[in-house]
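Q:
Number of protein chains: 2
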Amino acid sequence: MAKNSSKFATLGQQEADTADLESLVGYNLKRAYIIVEAHFREAVGKDGMSARVFSALSLTVSYPNITQIALARVMGIERSGLVAIVDELEAYGYLQRAPVPGDRRIQALVPTEEGLAAYNEALGLVRDKEERLLSDLTGVERQTLFALLKKIRRMEED
Amino acid sequence: MAKNSSKFATLGQQEADTADLESLVGYNLKRAYIIVEAHFREAVGKDGMSARVFSALSLTVSYPNITQIALARVMGIERSGLVAIVDELEAYGYLQRAPVPGDRRIQALVPTEEGLAAYNEALGLVRDKEERLLSDLTGVERQTLFALLKKIRRMEED
DNA sequence: TATTGTTATACTCTATAACTATA
DNA sequence: TATAGTTATAGAGTATAACAATA
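So the sequence lines, in the order shown, correspond to chains A and B. When the letters of the first sequence are read in order and numbered with numbering that gives the first Met the number 0, they come out as residues 0 to 157. When the letters of the second sequence are read in order and numbered with numbering that gives the first Met the number 0, they come out as residues 0 to 157.
#1: Ignoring anything shorter than 4 residues, give me the alpha helix (DSSP H) runs that lie fully in the stretch 86 to 154 of chain A, in order along the chain.
#2: In whole angstroms, what separates the C-alpha of R153 of chain A from that of L28 of chain B?
#3: In the DSSP assignment, the alpha helix (DSSP H) including L58 of chain A goes from what residue to what residue?
#4: If contact means a Cβ-Cβ distance below 7 Å, which residues of the stretch 20 to 31 of chain A contact chain B?
#5: List, in order along the chain, the chain B residues whose C-beta lies closer than 7 Å to that of E155 of chain A?
#6: Does the Cβ-Cβ distance between M74 of chain A and L58 of chain A come in under 8 Å?
#7: For A133 of chain A, which option in A:L20, A:A18 and A:F39 has the closest C-alpha, if you only look at C-alpha atoms?
#8: Going along chain A in order, which residues have a C-beta closer than 7 Å to the C-beta of L124 of chain B?
#9: With a cut-off of 8 Å, do at least 3 Cβ pairs link the stretch 108 to 123 of chain B to the stretch 53 to 70 of chain B?
#10: Closer than 9 Å, Cβ to Cβ, to anything on chain A: give me those residues from the stretch 102 to 127 of chain B, in chain order.
#11: Report the rounded CA-to-CA distance for V52 of chain A versus L148 of chain B, giving the unit in angstroms.
#12: Assign E36 of chain A to one of three DSSP states: helix, strand, or coil.
#13: I need the boundaries of the alpha helix (DSSP H) containing L70 of chain B, first residue and last residue.
#14: Quick check on G47 of chain B: does DSSP put it in helix, strand or coil?
If you want it as structure tokens, here you go:
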């Protein structure tokens, strides 16, 4: 199991690549995500939206009038956790909680004009950044990466 | 931009797959990781190690006598954050902080026999679980997934 | 002066449980 | 009774800054 039993090892790239961890999908996914997320933050800038806030805004743009509970479900988080996210987006003036006639428990989420503009600008920056990050990958490789990640995502129920 | 402007949309799988977010690598990586991490927790059991503690133990097994600062660097976290992780592993009796003759600032991390046994058992469970999770992927697809994730990981410096 | 490990502290993300107002 | 949204609270995981011991 031990790949290196010399005392006071210095870790070269080769050695690091043969460690057990490197053969696990979870570890590789997490490390890759950390890098992509750092690039996301660079793309949106120092005072830009966090990834989860951007995601929530993106989904309200794609699905206007979505309810908080539905949005939480799509995002895979608890509805309680969404409150602060929506509060933040509302404070930015990027969306509104609109009353729904017929059921006063529900508030439909609708992006404002400013929200739409801010979203489209951020989306452009993020896409450009991902484009550059993935510039070493061919078109086929990118398609394959997406297909494989989505295949894993579909395993949720088991 | 809006794919669905009907009021009170219910989100079918098809609609969800065409949202902007679905075209971003970061979002897909994160969602895939969440699923794999949940399977990791199932594999190691209710009172099993967390992923980061497992990772630290794995790396001390692969690189016995590694220092905390080197381990933190490999894991991509701050050295201050590693203290609690090593404390936990030491409390389990899975590793020891061993003094290094010649430099009393440094403590080399060495797995115990129990640590090695616990690690190998956990590694087996995690590998089996990942195996089952990825059973829909062909051998080539898995190799490709690893290759693409590692390619992204190598983009760190830019 | 610089480095290793440590502590104190704070921030982000998330979950659980209980509450409210409605249905 | 059940549901949508909210609040309170706690627990991971991480980072920054300052410190002690040692080099």
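From the three backbone atoms N, C-alpha and C, an ideal C-beta is built for every residue, glycine too. Here the structure is a predicted model, which is why all the values come from computation and not from measurement.
A: On the basis of the coordinates in this document:
#1: Listed in chain order, the alpha helix (DSSP H) elements of length 4 or more contained wholly in the stretch 86 to 154 of chain A are 112 to 132 and 138 to 152.
#2: If you number the first sequence from 1, residue 153 of chain A lands on position 154. If you number the second sequence from 1, residue 28 of chain B lands on position 29. Distance from the CA atom of R153 of chain A to the CA atom of L28 of chain B, rounded to whole angstroms, is 13 Å.
#3: Sequence index remark: in the first sequence, residue 58 of chain A carries index 59 (1-based). Note, L58 of chain A: alpha helix (DSSP H), A50 to S61.
#4: From the stretch 20 to 31 of chain A, only L20, L23, V24, G25, Y26, N27, L28, K29, R30 and A31 have a Cβ closer than 7 Å to chain B.
#5: Residue 155 of chain A sits at position 156 when you count from the first residue of the first sequence. Here the neighbours are I34.
#6: In the first sequence, residue 74 of chain A corresponds to position 75, counting from 1. In the first sequence, residue 58 of chain A corresponds to position 59, counting from 1. For M74 of chain A and L58 of chain A, yes; Cβs fall inside 8 Å.
#7: As a working note, residue 133 of chain A is residue 134 in the first sequence. Sequence check: residue 133 of chain A is Leu here, not Ala. By alpha-carbon distance to L133 of chain A, the top candidate from A:L20, A:A18 and A:F39 is A:F39.
#8: As a working note, residue 124 of chain B is residue 125 in the second sequence. Neighbours of L124 of chain B on chain A: none; closest Cβ ~12 Å, over 7 Å.
#9: The answer is yes - the stretch 53 to 70 of chain B touches the stretch 108 to 123 of chain B, with three or more Cβ pairs under 8 Å.
#10: Taking 9 Å as the upper bound on Cβ-Cβ separation, chain A lies near residues I105, A107, P110, L115, Y118, N119, L122, V125 and R126 of the stretch 102 to 127 of chain B.
#11: Position 53 of the first sequence holds residue 52 of chain A. Position 149 of the second sequence holds residue 148 of chain B. Near 25 Å, if we compare the C-alpha coordinates of L148 of chain B and V52 of chain A.
#12: Counting from one through the first sequence, the residue named residue 36 of chain A turns up at place 37. For E36 of chain A, the secondary structure class from DSSP, reduced to helix, strand or coil, is helix.
#13: For the purposes of this step, residue 70 of chain B is identified with residue 71 of the second sequence, where counting begins at 1. Start and end: Q67 to M74.
#14: Your numbering for residue 47 of chain B matches position 48 in the second sequence. It is coil, neither helix nor strand.
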